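A.B. asks: Dropping the structure in here first, questions after.
Chains as they are written, first to last, in our numbering: chain A, 8 to 595; chain B, 8 to 595.
Shown next, in the form of structure tokens:
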């Protein structure tokens, strides 16, 4: 991959002497700028004021903001609209959008997002460093700045087979990239607390570079939280309650208030934001968000709308989605509509609805009235089938139960935490047998990276299926083995075969037939299609799931987290049912 | 010079795996820490609260803060005293203290200063990069962290002869040092505003490294200020009035509220701090401070006392002297008493008087009850005489005046700005002649770097001398030529010779005899003696000046700024009298 950053895509400021000199002349009114945004109301994130001011842009940077006489080659009359800095989502996983970075640009740039900080650990778990480098390369020269953090937990757990291992050396090699801003969420809290050398070396690597180290500390508090923070980890996006967020902010953690497709904490934390209790150290992130939510609800603009509606002053809310994350991650070139800052800005119709009128990236208009208007020079992304299965037959999906009373994974609406529930289920000849009324399905995790033949089986409650069938996915946090839930071995086997055939994706099978599919050929995680196609296909698989009786709103999202063995209480891995609390396999 | 940073003296966090692992165990109470500070009231700079908490330290870092069961090899009972982070002076010139870095440590560490950011441009102007490297080397392994910024304006002005030139290449070479945090105050505002390549290249060099670029924008406002800020310069310590500071903070500049020995802006800016109008972006600095003021008044502790007395909540005031400058300069390892931060902290008797009970640097007690208790492994500093004069005689100090009415430099109490005043003065055979009642003295700037023979002459009003004599100094901002003021050529010549003899310093001569001297053999700027000796000698030269009738409180300080040709209105250079406003020499 190329190691020379494109102008605007490095955390460091690279600008030519000629451009810097011209910027001074433009500011002084000695020569015309490239673009003059006239008659706007500029949100000043330093003072918290909103003030009438023109903005003059020179070579992609803001030369001046105020009421001076400026000229420019292009004049845009803002008619009193609000001008805010480009928005920064400082914690997301590109892979959750199912889209290539270029397609993501089309989707989020019109909502005012001009930078993201992604942990591409999903691709990392399948393809390792080359996979992450592939994504970094695929996100060059886009009309937003996709930054990355070096994935800390690949594989996420030793009790699952993944496609790759990122040790401290791999983490260091990624940290050297100019668009890699730090260490990604350190999810392996137990490793940190027991002083595991590998986990601590990764934190050290980031701190030695002067970079941020991101945390992941769900429900942590007290002395454990303190020990975790003591290593230098300084952010967290897992707070689900006011007390939890307050405890993290108390010791200087950046509270990344998360509102994704599945995990949603904004309402719970809103009282803290309204009461201004977190000081300067909070921001808004999406973590894992589906393309359909981005398309229908929006991105950070939608969160700003809610935060402002709840009572946070607009300029404060905007600061926390721009300057605050920029400063935390050392992006000193952005985060404010002010002289000497990169001309990444959004013209909003107002500061209540946050409907974007114009989005400007490096001084260029890249979206207008919510439509993407930038040129996209997309390159073909090299893509190989990563679904490698050992020979499978229906017997792999027959679950023998030693007792009719057994532990079942109970999915919970709107949160990632599952419950471990003791249930009485039906058996036929000691094998589990589906009964619609019980709302219990078989769930399987099938190793798919090296055709090792591991298949873990368990039971899950809450999907609501009423007709025979199966749902399958190659997106299964964190190791992205195949995860398939269903009522019978025939449909589940057909599901596995369909997934292998399309290089991964989401598939719904019923009565042996594929009813709908969303192919994700890039690492079994990303589509190469447009947002429209992906959303349509996603609608089709969800509709097919509903046709089976499924009552869960985002069934493939929920399914993909049922293997997430770092969050309590019970999960499925390719080696069996995993009790997260007890940190051991459960026999059935 | 060595390029390997001592642990604790780099802007980056360097800590061993073993130490990091132990820190976690100490936090968890699984093994004893090195030191436990018990029963204190910890100032939390994140929340603004002051809360009862113990602090446990492990290998120089804070492992835990709170009310947990911890043990340690050393226990210190704080009896309810306040614990604050080590204080950071983010803009000072070491040379103004006249002391070596080791002597400065003895002086400021007991006041709670654990880091300084120095622009050593004075030594730079005499000795160039090797001189600055000499100071960086002389400040290794001290019980505080002396960081530096790469001097941007050496020489400060093209109309003066200096000893060295630091071009963009030299600035870049210094920026590569691990203890150099950015570009020092860009004083050459006109060069920036006219797009001078050399000045802009230096700003670029800092921004390309991801470093801060410091400003120096006295009395700037409006479009000029905006153009200056547009280059990426983001701090300023020259605000003397509320409106000026507000205008700078408006566009995100860090307002470094300066309170030095001569230039004092704290009272003027206090209303802004009390009204919390500057948001997060202000801090306290001393810029140029004499050792006697540090000894008698204190350092940042003295400023905190005043800020709190004026009504700023103590935790807010403390944050702005610790976390705020740390974050601005990328020192992510310090600035808070919190887990994962360097154990640089100060135990204060209370948060009103800020009298330090203990100072802890990297976990070691380095001062106790205001007394320095650390070991100082000082190395001899290599030192050559830098005073090189061309042959001089009394005729050099005879000023021919074309008119008896002529411009005179009028010194102003308490500010660096001078006035250009038209005065009627005495002449004898067309030469200026002293009359005590007029309070006008001859002032000379004598090139001393390369024995070029340049002597600039002018007149200065306000010293109040009543008896014949002369005061001379080799400290003369910014080029550090000899600056001598006096009543007659004989005493001024004797003064120049005495300065050459001792390698520079401060000298008072009367009736041809040296009455007192403070030798500054290191570059003509720094003493190699102890604070006590330097303060005694300073007292002696000031007393000798008073004996001549001098009424100015800090005569050598004032004298040293009379050549400072970047601040209005009228100054003396080795090539003549310089009108700063008109940017031209004035003929007499």
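All residues carry an ideal CB built from backbone N, CA and C; glycine is no exception.
Since we're looking at a predicted model, the values are computed, not measured.
Please confirm whether residue 460 of chain B and residue 501 of chain B have their CB atoms less than 9 Å apart.
C.D. replies: Position 453 of the second chain, counting from 1, holds the residue named residue 460 of chain B. Position 494 of the second chain, counting from 1, holds the residue named residue 501 of chain B. Going by C-beta atoms, residue 460 of chain B is not nearer than 9 Å to residue 501 of chain B.
A.B. asks: Give a yes or no on whether the C-beta atoms belonging to residue 574 of chain A and residue 425 of chain A are separated by under 9 Å.
C.D. replies: Counting from 1 along the first chain, the entry for residue 574 of chain A is found at position 567. Counting from 1 along the first chain, the entry for residue 425 of chain A is found at position 418. Contact flag set, yes.
A.B. asks: So which residues on chain A does residue 51 of chain B lean against when the C-beta distance must stay under 7 Å?
C.D. replies: Counted from its first residue, the second chain places residue 51 of chain B at position 44. Under the 7 Å cutoff, chain A gives 257.
A.B. asks: Excluding sequence positions up to five away, which residues of its chain have a Cβ less than 7 Å from the Cβ of residue 440 of chain B?
C.D. replies: Reading the second chain from its first residue, position 433 is the one you call residue 440 of chain B. Answer for residue 440 of chain B: 433, 434, listed in chain order.
A.B. asks: Quick one: list the residues of chain B neighbouring residue 199 of chain A, beta-carbon separation under 7 Å, in chain order.
C.D. replies: Locating residue 199 of chain A in the first chain gives position 192, counting from the first residue. Within 7 Å of the CB of residue 199 of chain A, the CB atoms of chain B belong to 31, in sequence order along the chain.
A.B. asks: Within 10 angstroms of the Cβ of residue 263 of chain B, are there 16 or more other Cβ atoms? Answer buried if so, exposed if not.
C.D. replies: Stepping through the second chain from its first residue, residue 263 of chain B is reached at position 256. Answer is buried; the Cβ neighbour count reaches 16.
A.B. asks: So, under 8 Å CB-CB, residue 338 of chain B and residue 324 of chain B are touching, yes? Tell me the CB distance rounded to an integer number of Å.
C.D. replies: The residue labelled residue 338 of chain B in the question sits at position 331 within the second chain. The residue labelled residue 324 of chain B in the question sits at position 317 within the second chain. Not really, about 19 Å apart at Cβ, beyond 8 Å.
A.B. asks: Mind pulling the chain B residues with CB within less than 7 Å of residue 208 of chain A?
C.D. replies: Along the first chain, read from residue 1 onward, the residue named residue 208 of chain A stands at position 201. Within 7 Å Cβ-Cβ: 24.
A.B. asks: Counting along the chain, where does the alpha helix (DSSP H) carrying residue 48 of chain A start and finish?
C.D. replies: As a first step, residue 48 of chain A is located in the first chain; it is residue number 41 there, counting from the start. Counting along the chain, residue 48 of chain A falls outside any alpha helix (DSSP H), though it belongs to the beta strand (DSSP E) covering 40-50.
A.B. asks: Show which residues of chain A have a CB atom less than 8 Å away from the CB atom of residue 469 of chain B.
C.D. replies: As a first step, residue 469 of chain B must be located in the second chain, where it is residue number 462. Result: empty, since nearest Cβ-Cβ is about 36 Å, beyond 8 Å.
A.B. asks: Could you work out which residue in B:300, B:412, B:418, B:133 is closest to residue 528 of chain B when comparing CA atoms only?
C.D. replies: For this step, residue 528 of chain B is matched to residue 521 along the second chain. Comparing Cα-Cα distances from residue 528 of chain B to each of B:300, B:412, B:418, B:133, the minimum goes to B:133.
A.B. asks: Restricting to Cα atoms, I'd like to know which of B:249, B:95, B:40 is closest to residue 281 of chain B.
C.D. replies: Residue numbering aside, residue 281 of chain B sits at position 274 when the second chain is read from its first letter. Minimum Cα distance to residue 281 of chain B is reached at B:249.
A.B. asks: Roughly how many whole angstroms lie between the Cα atoms of residue 584 of chain A and residue 209 of chain A?
C.D. replies: The residue you call residue 584 of chain A lines up with position 577 of the first chain. The residue you call residue 209 of chain A lines up with position 202 of the first chain. Those two C-alpha atoms are separated by around 29 Å.
A.B. asks: What does residue 35 of chain A touch in chain B if you count any residue whose Cβ is under 8 Å from its own?
C.D. replies: Position 28 of the first chain holds residue 35 of chain A. Against residue 35 of chain A, the close residues of chain B are 200, 230, 231, 234, in the order they occur along the chain (beta-carbon pairs closer than 8 Å).
A.B. asks: Would you list the residues sitting across from residue 431 of chain A in a DSSP beta bridge?
C.D. replies: Stepping through the first chain from its first residue, residue 431 of chain A is reached at position 424. Its beta-bridge partners are A:412.
A.B. asks: Quick one: grab the DSSP three-state call for residue 252 of chain B.
C.D. replies: If you number the second chain from 1, residue 252 of chain B lands on position 245. Reduced to three states, the DSSP call for residue 252 of chain B is helix.
A.B. asks: Check whether the Cβ atoms of residue 116 of chain A and residue 314 of chain A lie closer than 9 Å to each other.
C.D. replies: For this step, residue 116 of chain A is matched to residue 109 along the first chain. For this step, residue 314 of chain A is matched to residue 307 along the first chain. Against a cut-off of 9 Å, the Cβ pair of residue 314 of chain A and residue 116 of chain A comes out as no contact.
A.B. asks: Buried or exposed for residue 498 of chain A, going by 16 or more other Cβ atoms inside 10 Å?
C.D. replies: Position 491 of the first chain, counted from the start, is the residue given in the question as residue 498 of chain A. So residue 498 of chain A counts as buried.
A.B. asks: State the Cα-Cα distance for the pair residue 218 of chain A and residue 146 of chain A, rounded to the nearest angstrom.
C.D. replies: Position 211 of the first chain holds residue 218 of chain A. Position 139 of the first chain holds residue 146 of chain A. Rounded to the nearest angstrom, the two C-alpha atoms are 21 Å apart.
A.B. asks: Keeping to the same chain, check which residues put their C-beta closer than 6 Å to that of residue 408 of chain B; ignore five residues upstream and five downstream.
C.D. replies: Mapped onto the second chain, residue 408 of chain B falls at position 401. The residues are 434, 439, 595.
A.B. asks: How about residue 215 of chain A: is its C-beta nearer than 9 Å to some C-beta of chain B?
C.D. replies: Residue 215 of chain A sits at position 208 when you count from the first residue of the first chain. It does; some Cβ of chain B falls within 9 Å.
A.B. asks: Would you give the residue range spanned by the alpha helix (DSSP H) that residue 265 of chain A belongs to?
C.D. replies: On the first chain, residue 265 of chain A is found 258 positions in, with the first residue counted as 1. Taken as a continuous stretch (DSSP letters only), residue 265 of chain A belongs to no alpha helix (DSSP H), being part of the beta strand (DSSP E) at 261-265.
A.B. asks: Three-state secondary structure (DSSP) at residue 559 of chain B?
C.D. replies: Residue 559 of chain B sits at position 552 when you count from the first residue of the second chain. Three-state DSSP puts residue 559 of chain B in coil, outside helix and strand.
A.B. asks: Using 9 Å as the limit for Cβ to Cβ distance, is residue 336 of chain A near chain B?
C.D. replies: Translated into the one-based positions of the first chain, residue 336 of chain A becomes position 329. Not an interface residue.
A.B. asks: Taking just the CA atoms, how far does residue 135 of chain B sit from residue 165 of chain B?
C.D. replies: As a position in the second chain, residue 165 of chain B is number 158, starting the count at 1. As a position in the second chain, residue 135 of chain B is number 128, starting the count at 1. Each residue's alpha carbon lies about 16 Å from the other.
A.B. asks: Determine, for residue 181 of chain A, whether the minimum Cβ-Cβ distance to residues of chain B falls below 9 Å.
C.D. replies: The residue you call residue 181 of chain A lines up with position 174 of the first chain. Residue 181 of chain A does not count as touching chain B.
A.B. asks: Using a C-beta cutoff of 9 Å, does residue 324 of chain B count as contacting chain A?
C.D. replies: Taking the first residue of the second chain as 1, we reach residue 324 of chain B at position 317. No - not a single Cβ of chain A is within 9 Å of the one on residue 324 of chain B.
A.B. asks: Put residue 154 of chain A into one of helix, strand or coil per three-state DSSP.
C.D. replies: Here residue 154 of chain A refers to the residue found at position 147 of the first chain. Strand.
A.B. asks: Measure the alpha-carbon distance for residue 222 of chain A versus residue 192 of chain A and round it to whole angstroms.
C.D. replies: Working through the first chain from its first residue, we reach residue 222 of chain A at position 215. Working through the first chain from its first residue, we reach residue 192 of chain A at position 185. If you take the alpha carbons of residue 222 of chain A and residue 192 of chain A, they lie about 5 Å apart.
A.B. asks: How would you label residue 104 of chain B, buried or exposed, when you count the other beta carbons within 10 angstroms and need 16 or more for buried?
C.D. replies: Looking up residue 104 of chain B in the second chain gives position 97. Burial call: buried.
A.B. asks: Report all residues from its chain with a CB closer than 8 Å to the CB of residue 149 of chain A; omit the five preceding and five following residues, and keep chain order.
C.D. replies: As a position in the first chain, residue 149 of chain A is number 142, starting the count at 1. Cβ neighbours of residue 149 of chain A beyond the five flanking positions: 108, 109, 112, 383.
A.B. asks: What's the C-alpha gap between residue 186 of chain A and residue 98 of chain A?
C.D. replies: Residue mapping note: residue 186 of chain A aligns to position 179 of the first chain, counting from 1. Residue mapping note: residue 98 of chain A aligns to position 91 of the first chain, counting from 1. The straight-line gap separating the alpha-carbon atoms of residue 186 of chain A and residue 98 of chain A is approximately 14 Å.
A.B. asks: Tell me the DSSP secondary structure of residue 131 of chain A in three-state form.
C.D. replies: Against the first chain, residue 131 of chain A aligns to sequence position 124. It is helical.
A.B. asks: Less than 8 Å between the CB atoms is what I'm expecting for residue 273 of chain B and residue 92 of chain B, so what's the real figure, rounded?
C.D. replies: By one-based count along the second chain, residue 273 of chain B stands at place 266. By one-based count along the second chain, residue 92 of chain B stands at place 85. Not quite, the Cβ-Cβ distance comes to about 21 Å (not below 8 Å), so this is no contact.
A.B. asks: Taking the Cβ atom as the reference point for each residue, do residue 100 of chain B and residue 128 of chain B lie within a distance shorter than 9 Å?
C.D. replies: In the second chain, counting from the first residue as 1, residue 100 of chain B sits at position 93. In the second chain, counting from the first residue as 1, residue 128 of chain B sits at position 121. The answer is yes: Cβ separation under 9 Å.
A.B. asks: What are the start and end residues of each continuous beta strand (DSSP E) run of 3 or more residues lying completely inside the segment 482-555 of chain A, in chain order?
C.D. replies: Complete beta strand (DSSP E) runs here, min 3: 489-493, 512-517, 520-526.
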